[in-house]
Amino acid sequence: MEKMCSEFRPEGKRPEPAIGYMLVEALPYIRKFEGKTFVIKYGGAAMKDEVLKNIFAENVTLLRKVGIKVVIVHGGGDAITKTSAKLGLETTFVHGKRVTDRQTIDVIQMTLAGKVNQDIVQLINEDGGNAVGVSGLDADMILAKPSPNAATLGLVGEVAEINTRYIDLLCDAGLIPVIAPIGYDMESNVYNINADDAAAAIAVALRAEKLIYVSDVEGVRVGNRILKTICKADAAEFIEKGIITGGMIPKVVSAYQTLEGGVGKVHLVDGQITHSLLLEVFTNEGVGTQFVNEYEPSTAEGGAS
């Protein structure tokens, strides 16, 4: 008998209804966010684990395919440290920030805007996402200024201004900009810029619907529970009472500064959870914490509303 071109479903195997329910649940969010801009800060384990890297690429490709404009800002500190070590350069941190001299900024340009950036682009493009790699130096995208601690940190900068013209052109052409957070000043200095800060500044400049931090943090924890939604008033109270402490405080403060700048919502999701990006955006429950200025009844009905 010749080989048949037909295919049979295994006997007794029935389609899983839950899959259909999830797709229907996503529909109102797809309608709501079509044509809107999401800025995604990509970092943590999701940038290191091969499985998670591929899942992230699939997730952002799906977002773009359903009509959402996606802009990615990525970190890459581990890769910079490894490359520096191979070149015999010492790495020093002060209060969590990399001391950056002329040699180190060359390594950052080579590594962050080079291999790290292009590896992300390649993975997304393998899924049909049409990504393009750029840095803050391209088309004068990120104008920087020296950090107040420049005497100690060297060429570590802060964002002074974002030129969105190039980003808009790429998004309008159906592409996904993947941005290495490097900036410049009018004296031709190149600066290493914190990826979280760059993502927030870009989200504000684009008036983005969402800024999503994909990292190794589950969300804002209160006791043994993760907050699904947190409003500004509650956040201030939790900080004052010592419920939110340590490294989470600057993340929370930054989130509300970003909201004040005109971004719709800020989300904090754990990139170690499979498909956390899609679950946060397209399901009622969500998986991380969303930051809102004021609590609204509709917020309780959707992790991504």
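If you count the sequence shown from 1, position 50 lands on 148 in our numbering, and the numbers rise without skipping.
Beta carbons: idealized from backbone N, C-alpha and C, even for Gly.
(message) Determine whether the beta carbon atoms of Ile-265 and Pro-279 lie at a separation below 7 Å.
(response) 7 Å or more divides the Cβ of Ile-265 from the Cβ of Pro-279.
(request) Mind checking who Pro-279 pairs with in its DSSP beta bridge? (result) Paired residues: none, contrary to the question.
(message) Please report the straight-line C-alpha distance between Gln-216 and Ile-222, rounded to a whole angstrom.
(response) Gln-216 and Ile-222 have their alpha carbons spaced roughly 10 Å apart.
(message) Check this for me: beta carbons of Val-232 and Ile-277, under 7 Å apart or not?
(response) Cβ atoms of Val-232 and Ile-277: closer than 7 Å.
(message) Beta-carbon within less than 8 Å of Leu-187's beta-carbon, same chain only, minus the 5 sequence neighbours each way: which residues are those?
(response) If you ignore the 5 residues before and after Leu-187, its C-beta comes within less than 8 Å of the C-beta of Gln-201, Thr-202 and Val-205, all in its own chain and listed in chain order.
(message) Taking the straight line between their C-alpha atoms, what separation do you get for Ser-396 and Asn-382?
(response) In this predicted model, Ser-396 has a pLDDT of only 47, less than 50, meaning its place in the structure is not dependable; the value taken from the coordinates is given anyway. Going by the C-alpha atoms only, they are around 11 Å apart.
(request) Have a look at Leu-251 and Ile-178 and give me their C-alpha separation to the nearest angstrom. (result) Roughly 16 Å separates the two Cα atoms.
(message) Using only the alpha-carbon positions, how far apart do Asn-391 and Ala-155 sit?
(response) Between the alpha carbons of Asn-391 and Ala-155 lies a distance of about 30 Å.
(request) Could you check the C-alpha separation between Thr-406 and Gln-355 for me, to the nearest Å? (result) What the structure shows of the chain is the stretch from 99 to 403, and residue 406 is not part of that stretch, so it cannot be assessed.
(message) Suppose you measure from the CA of Val-171 to the CA of Asn-322; what does that come to, to the nearest Å?
(response) Rounded to whole angstroms, the separation of the alpha carbons of Asn-322 and Val-171 is 31 Å.
(request) Look at the alpha carbon of Leu-183 and the alpha carbon of Thr-189, and state the distance between them as a whole number of angstroms. (result) A small fix is needed here, since residue 183 is Ala in this sequence, not Leu. Taking C-alpha positions only, Ala-183 is separated from Thr-189 by approximately 8 Å.
(request) Tell whether a beta-carbon distance below 7 Å holds between Ala-306 and Val-137. (result) In terms of Cβ geometry, Ala-306 and Val-137 form a close pair [threshold 7 Å].
(request) For my contact list, Thr-387 and Lys-326 are in at a C-beta cut-off of 8 Å; report their separation, rounded to the angstrom. (result) With a contact defined as Cβ atoms closer than 8 Å, Thr-387 and Lys-326 qualify at about 7 Å.
(message) Could you check whether the stretch 345-362 touches the stretch 371-381, counting it as contact only if at least three pairs of C-beta atoms, one from each stretch, sit closer than 8 Å?
(response) Three or more Cβ pairs closer than 8 Å define a contact, and the stretch 345-362 falls short of that threshold against the stretch 371-381.
(message) Suppose you measure from the CA of Gly-234 to the CA of Tyr-282; what does that come to, to the nearest Å?
(response) Taking the straight line from one Cα to the other gives about 8 Å.
(message) Please classify Ser-286 as buried or exposed, where buried requires at least 16 neighbouring CB atoms within 10 angstroms.
(response) Ser-286 is exposed by the Cβ-count criterion.
(request) Please go through the same chain and pick out, in chain order, the residues whose beta-carbon is closer than 7 Å to the beta-carbon of Gly-118, but skip the five residues on each side of it. (result) Short of 7 Å from the beta carbon of Gly-118, and not among the five residues preceding or following it, lies no beta carbon of its own chain.
(request) Inspect the beta-carbon positions of Leu-241 and Glu-259 and report whether they are closer than 7 Å. (result) Taking 7 Å as the cut-off, the Cβ atoms of Leu-241 and Glu-259 count as close.
(message) Please report the distance separating the alpha-carbon of Ile-324 from that of Gly-173.
(response) In a straight line, the C-alpha of Ile-324 is about 25 Å away from that of Gly-173.
(request) Could you name the residues that DSSP lists as bridge partners for Lys-363? (result) Answer is Lys-308.
(request) From the DSSP output, in three-state form, read off Lys-288 for me. (result) According to the sequence shown, residue 288 is Val rather than Lys. Val-288 sits in a strand when the DSSP states are folded into three classes.
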